[in-house]
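Below is one structure; the comments refer to it alone.
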Amino acid sequence: MSKIIGISAFYHDSAAALIVDGKIIAAAQEERFSRKKNTSSFPINAIKYCLDEANLNINQIDYIAFYEKPRLKFHRFIKNHIQFFPNGLKQFIAGIKDWVYTNSNFEKKINSELKPIIGNKSCKIKVLYVEHHLSHAASTYYCSNFEDAAILTIDGVGELSTTTLFHGSEENIIKIKEIQFPDSIGLLYSSFTYFLGFKVNSGEYKLMGLAPYGDIKSKETSDYIKLITENIIDVKEDGSFKLNMKYFQYHIGFNMIEETLWEDLFGIKRRDDKEEFNQRHCNLALAIQNVTESIILKLIQEVKKITKSNNICLAGGVALNCVANGKILNSNIFKNIYIQPAAGDAGGAIGAALAVNYLFIGNKNNQKNKSDIMYDTYLGPHFNDNYILNMIKNVNAKYIYYENFDELIDSISNFIVQVKIIGWFQGRMEFGPRALGNRSILADPRASDMQMRLNISIKKREGFRPFAPAVLNSRTEYYFNLKYKSPYMQFVAQVADNIKLKISDNYSNLNLREKLYTKKSLYPAITHVDFSARIQTVNKESNERFWKLLQCLHSKYDLGLLINTSFNVRGEPIVCSPEDAYNCFMNTEIDYLVIENFIFDKKEQLVVSNNITFEQD
352 MSKIIGISAF YHDSAAALIV DGKIIAAAQE ERFSRKKNTS SFPINAIKYC LDEANLNINQ
412 IDYIAFYEKP RLKFHRFIKN HIQFFPNGLK QFIAGIKDWV YTNSNFEKKI NSELKPIIGN
472 KSCKIKVLYV EHHLSHAAST YYCSNFEDAA ILTIDGVGEL STTTLFHGSE ENIIKIKEIQ
532 FPDSIGLLYS SFTYFLGFKV NSGEYKLMGL APYGDIKSKE TSDYIKLITE NIIDVKEDGS
592 FKLNMKYFQY HIGFNMIEET LWEDLFGIKR RDDKEEFNQR HCNLALAIQN VTESIILKLI
652 QEVKKITKSN NICLAGGVAL NCVANGKILN SNIFKNIYIQ PAAGDAGGAI GAALAVNYLF
712 IGNKNNQKNK SDIMYDTYLG PHFNDNYILN MIKNVNAKYI YYENFDELID SISNFIVQVK
772 IIGWFQGRME FGPRALGNRS ILADPRASDM QMRLNISIKK REGFRPFAPA VLNSRTEYYF
832 NLKYKSPYMQ FVAQVADNIK LKISDNYSNL NLREKLYTKK SLYPAITHVD FSARIQTVNK
892 ESNERFWKLL QCLHSKYDLG LLINTSFNVR GEPIVCSPED AYNCFMNTEI DYLVIENFIF
952 DKKEQLVVSN NITFEQD
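The number in the numbering used here is simply the position in the sequence shown, starting from 1, with 351 added.
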């Protein structure tokens, strides 16, 4: 029996995972414990949790799998400097110092980081290094249950690769072709993220949310697309591409782009993060989203042509672009699609461990035909009643305890239709960027002001941001044009015609704010400006408690879907512990908090804490 700890660390979204005989026992992101969003720190707390969950100590682990090869990354660093010398000399000097003092003996570094667990003893566990994109590929292919699949991984950059095509067959993963740094779809998208005033490595999904406010029929959007494809990126029919590096700085400096060249090309200044959005910003966001989708679809066609598989597996940060995923689904190029729920770097911890299990050790896949070896991403900590009662005592909270869970959801259903906002905390925490019904904020999507209430009063973020619906699997096609299961909130689809409302003929000419406040469906809080929604489908097998709540709402109030957004505020990671949940509850306008079978009414609480600081993310 092989016991492997997978680690992702030192860039962003640090995480750890424990694989025992090919089974994912536990996985968690370090940010959930440290409370530092997108932290790059060594995931010592996540490792401790994984060991505790399995009742193992570190000496019982056979291998540590790291999600990339540091020496190969250093090779890229040197190669890049030679290619662009003398540009980027300051970056090179800073980087070479970091390599010499920190990364030259990576195994020693990991030993040092593990000291809180191993003490002063040297770690005798063999450390194995897996190429970054192979970690991504393994994270999606081995979790897919496909015996044969095309695999496409796209992100900013691993060591050298930015885009890689693989073929998975049985336990093997074979690299077919790759595109290398500095040419990168992920960094191209991040460059536009930066230009439009969002934070790189966390604001890309904001850019994706802004894009639908653009007008695809406008000449300006068409012109932007033309400017991008004629000046910034050259795309071939097979999906391969080259960036015009004169427009970028990420390869030679400390900024993403040559701002002056971008401003001259697009005729607008780089947006300050405090500046209001205008239609030009929206149209530019739509243009790069359109270009990105076009490239991805070409790559999808290429990997299909080479592998001839009916199945596709996706991973890497770009696989979190659920709008593009919806386009892949609608293309019908592949019969079956699997997207790793933790598609970004955090998921590399799982992928590295699985790659070691199957490709290094040579174990056979005994997890095939399992319904979901990701266990619907519910791989994080859980807390029993004794723990919750101790938390209640410490904060002097007032609560009601329900012995019968059905009675609890009946009460919560009543609160939801009374337009109350619910903090929902159940079972094991989700792994990955999405809250899927265990660390969620829930609300009625029929309320016309709910989107603004949640964005401003709860999430403390931009008002234009859309919210995702969680819908009963059996009711998905009633509400949405989606015939494919979407348990991980990874596909965008249009709302069904029967819930759409008629809008004015001049809708496309309205500004961002006017579009935002136009009621577009019977469920306005989950209907984006282009009549789309990012959908989570829920069934009894994946999450019985969450399913029961939705089923109760459907039975009593003919409401088969809810707003489901992550249980956090801007600048904070998703809550992990009951303490995190109660703190967030008390510092926002959430009306009721549900932790397991405990209900907390905001009006009954005696003390309001002020421990949360709302940071810019």
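We treat Cβ as the ideally placed atom computed from N, Cα and C, and that holds for glycine.
Residue burial classification, residue i (beta-carbon count within 10 angstroms, cutoff 16)
{"i": "M352", "result": "exposed"}
{"i": "A675", "result": "buried"}
{"i": "T964", "result": "Since pLDDT at T964 reaches only 44, below the 50 mark, its modelled position is unreliable, and no value is offered."}
{"i": "K388", "result": "buried"}
{"i": "N857", "result": "exposed"}
{"i": "K354", "result": "buried"}
{"i": "D795", "result": "buried"}
{"i": "L852", "result": "exposed"}
{"i": "I646", "result": "buried"}
{"i": "F766", "result": "buried"}
{"i": "N662", "result": "buried"}
{"i": "L421", "result": "Here the sequence assigns Pro to residue 421, which means Leu is not the residue at that position. Label assigned to P421: buried."}
{"i": "E653", "result": "buried"}
{"i": "A351", "result": "With the chain represented from 352 up to 968, any question about residue 351 goes unanswered, as that position is not in the structure."}
{"i": "S365", "result": "buried"}
{"i": "I525", "result": "exposed"}
{"i": "I579", "result": "buried"}
{"i": "K954", "result": "exposed"}
{"i": "F417", "result": "buried"}
{"i": "K678", "result": "buried"}
{"i": "I763", "result": "buried"}
{"i": "T611", "result": "exposed"}
{"i": "I807", "result": "exposed"}
{"i": "E758", "result": "exposed"}
{"i": "S960", "result": "Note that S960 scores a pLDDT of 49, beneath 50, so its modelled location is shaky and nothing firm can be said."}
{"i": "G292", "result": "Outside the shown range of the chain, which is 352 to 968, sits residue 292, and nothing can be said about it."}
{"i": "E521", "result": "exposed"}
{"i": "H484", "result": "buried"}
{"i": "Q411", "result": "exposed"}
{"i": "E828", "result": "exposed"}
{"i": "P467", "result": "exposed"}
{"i": "F882", "result": "buried"}
Residues that DSSP places opposite residue i in a beta bridge
{"i": "K907", "result": "For K907, which the question treats as bridged, DSSP gives no partner whatsoever."}
{"i": "A693", "result": "Paired residue(s): none; A693 is not in a bridge."}
{"i": "I505", "result": "T514"}
{"i": "C970", "result": "As shown, the chain starts at 352 and ends at 968. That puts residue 970 outside it, with no answer to give."}
{"i": "L369", "result": "I356, A377"}
{"i": "L944", "result": "G774, F951"}
{"i": "I914", "result": "A794, P820"}
{"i": "A844", "result": "A884"}
{"i": "K851", "result": "S872"}
{"i": "V478", "result": "I415"}
{"i": "I608", "result": "F599"}
{"i": "K593", "result": "D585"}
{"i": "G519", "result": "A500, I524"}
Cβ pair residue i, residue j closer than 9 angstroms
{"i": "E555", "j": "F549", "result": "yes"}
{"i": "Q718", "j": "G604", "result": "no"}
{"i": "N629", "j": "L863", "result": "yes"}
{"i": "I743", "j": "F949", "result": "yes"}
{"i": "L637", "j": "G590", "result": "no"}
{"i": "V770", "j": "M801", "result": "yes"}
{"i": "K810", "j": "N938", "result": "no"}
{"i": "I358", "j": "A703", "result": "yes"}
{"i": "I914", "j": "I941", "result": "no"}
{"i": "R631", "j": "I619", "result": "yes"}
{"i": "L705", "j": "S872", "result": "no"}
{"i": "G668", "j": "D696", "result": "yes"}
{"i": "I739", "j": "E588", "result": "no"}
Whole-angstrom C-beta distance between residue j and residue i, which should lie under 8 angstroms
{"i": "P838", "j": "S917", "result": "That pair is no contact at about 16 angstroms."}
{"i": "G507", "j": "S535", "result": "6 angstroms"}
{"i": "M780", "j": "C927", "result": "6 angstroms"}
{"i": "R826", "j": "H879", "result": "19 angstroms between Cβ atoms; not a contact."}
{"i": "Y493", "j": "N716", "result": "7 angstroms"}
{"i": "A666", "j": "A700", "result": "With 8 angstroms as the limit, A666 and A700 do not qualify as a contact, their Cβ atoms being about 12 angstroms apart."}
{"i": "Y601", "j": "W613", "result": "Wrong, their Cβ atoms sit about 13 angstroms apart, outside the cutoff."}
{"i": "G788", "j": "A821", "result": "6 angstroms"}
*In chain order, which beta strand (DSSP E) runs of at least 3 residues are fully inside the segment 775-808?*
790-794
*Uninterrupted beta strand (DSSP E) stretches inside the segment 398-446 (no shorter than 3 residues)*: 414-417
*Which ranges would you report for the alpha helix (DSSP H) in the segment 522-589 if only whole runs of at least 4 residues count?*
536-546, 555-561, 570-578
*asked:* At 3 residues or longer, what runs of the beta strand (DSSP E) sit wholly inside the segment 883-907?
replied: 883-889
*Going along the chain, which unbroken runs of the beta strand (DSSP E) with 3 or more residues stay wholly within the segment 703-767?*
none
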